Structure formats: C-alpha cells, structure tokens
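So the sequence shown is numbered by full-length UniProt numbering: it starts at 1 and just counts up by one. Using N, Cα and C, we set each Cβ at its ideal position, and we do this for glycine too. All values reported here derive from a predicted model rather than from experimental measurement.
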Amino acid sequence: MRTEKDQSRDPREPENGKGPDTTERVMTKDATATTWWLTGGSVLLVGAIAAAVIVVFSGGDDAVSPDPARVAELEASAAERHVDQVEELVHHTRAAHEGLLPVLESLDTVLPADGSAPSEDLPDTEEIDAWLGTTLEARDHLEHAESGETAFNVTHAGLRGSVDLLASSLNAYDSAVRADEDRRTDLLELAADLRDQAVRAWSVAATQLDMVSVEAGHGHIHLYLPAAPGSGALTPDEAEDGDGALEEAPGHDDH
C-alpha cells in the first residue's frame, strides 16, 4: 500500500479539498502583508521630497516652500530608478517565463487544461518534484526586486503570486498521485483549478508588465503563459514585442 508523502515539504502546499471556484474571475486575496510593500517606494519618495523643503523668511513671517531645484532632482532620480527597475523586472520575468513553459506543457499532458479527463498514466513523484523545483527556480527570478512605484509593485507581486499558485497546483497533483482512488479525483480537480488560477493571474500581471514597460520607454513585452480558450485568461494585444520602445527611456536623458 502507498504511504502519504509528508505534506510539509513546501509551505505553499494547499490544504486537501476543493479549491475556490474562480471560473469567472481571479479573486484578490488578503493583501495586508503586501500593502506596505506596494506603497513603500512612494513613501520613500515623499519623505525625500519633504527633506528638500526649506524655510524662507519674508517680512517677519515664516513661509515654507520646497526648493524647486532639489525637488526636480529627486523626481528625476526616482524616474530613472523606475526605468531601471522595469528593465530588470522584464529580464527576470523572461527567465521565469522560459522555465515555466515546459512545466505547464508537462502538466497539461497529464491534467489537460481543456477540461478533458486527467491521464490515467500518472507520473512518478520524482518527475513531479522536478517540475516543482523548476517552478521554484522561476520564483527565485522574481525575488530580486526592491519596492518601487505602485504600478511596478503590483506587477511584481502579481507575477510572484501566480508562481506560488502553480507550485500549489503541483503539490496538490503530487498528493493526488499518492492518494487512494477515493481522494484522488478531488485532489486532481484541486490541482487543475489551482493551475488555471495561476495562468489567469499570470495573464493579468503580464498585461500590467506590458503597460509598465511601454510607459518606461522599453516598448511592448508579451510574456504570457499558454491558456485554454474560454479559461478567462487575458491575451496580448496586437503590438509586436519592442514596439513603442524609445531610444532614450524616460529618466535617462542624461545618459
């Protein structure tokens, strides 16, 4: 008789049972821990500008006004930092995307994304562990970034959250492979649902990345994961990758 695998091997492993119904849309989870991170860059910028305020004495009255030159310098520095952060995020997202594509392709062969019946020829746990390892390596590519502008932070958090969902899907699938027949069906459905959520969440983040990249002067970037028709995942626009790129990205006029 097969024994159950220790379920604590990865902290992102989902609990047994049905996953949430998200066939209509991707639901936003509790973002308490993320809220500070998303706004950190803005707080730092405001604090820096506040530090540039000088006191002007006029007619015996104290009037507080910002130093325009210092404010312009801080704004230019923040804009340049944003451009560099977006460029780095595109680089790391491309690397993560390349790693995730074969994982999803392999998972689709045993757990079809079109809703058809799962394969009865189940992979062994070593193969599933390899898929999970590749997925976690993809997540490592998305651990590099520091907090930046809100649009950047939202994009970054969305990409990481998507990879976490895919890892949870693989853990659920691994549990299904090890489970008895009575539990296997439910676990396979959970794994499929989590995989679909991951792809939908990635599509939202990929769309945001495309917008942020264009606004930063790097042009369009389409790094979407394959999704089944009718899955609810967003699709890229008709622009070609690199369209809209500027010779001098905003914030780099002096380079």
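- With a beta-carbon spacing of about 5 Å, A233 and R200 fall inside the 8 Å limit used to define contacts.
- When only Cα atoms are considered, I221 and P68 end up about 36 Å apart.
- For P102, the three-state secondary structure derived from DSSP is helix.
- The beta carbons of E88 and H218 sit no closer together than 8 Å.
- In this model, S119 and S168 are separated by some 19 Å (Cα to Cα).
- Residue environment: H144 is assigned as exposed (fewer than 16 neighbouring CB atoms within 10 Å of its CB, all protein chains considered).
- One Cα belongs to L223, the other to S65, and the distance between them is close to 45 Å.
- With distances taken between CA atoms, E137 lies nearest to L166 out of T109, L166, F152.
- Here S65 carries a strand assignment [DSSP, helix/strand/coil].
- With a cutoff of 8 Å on beta-carbon distance, T135 and A205 are scored as not near each other.
- With a beta-carbon spacing of about 5 Å, L132 and L170 fall inside the 8 Å limit used to define contacts.
- Residue range 125-140 is occupied by the alpha helix (DSSP H) that includes I128.
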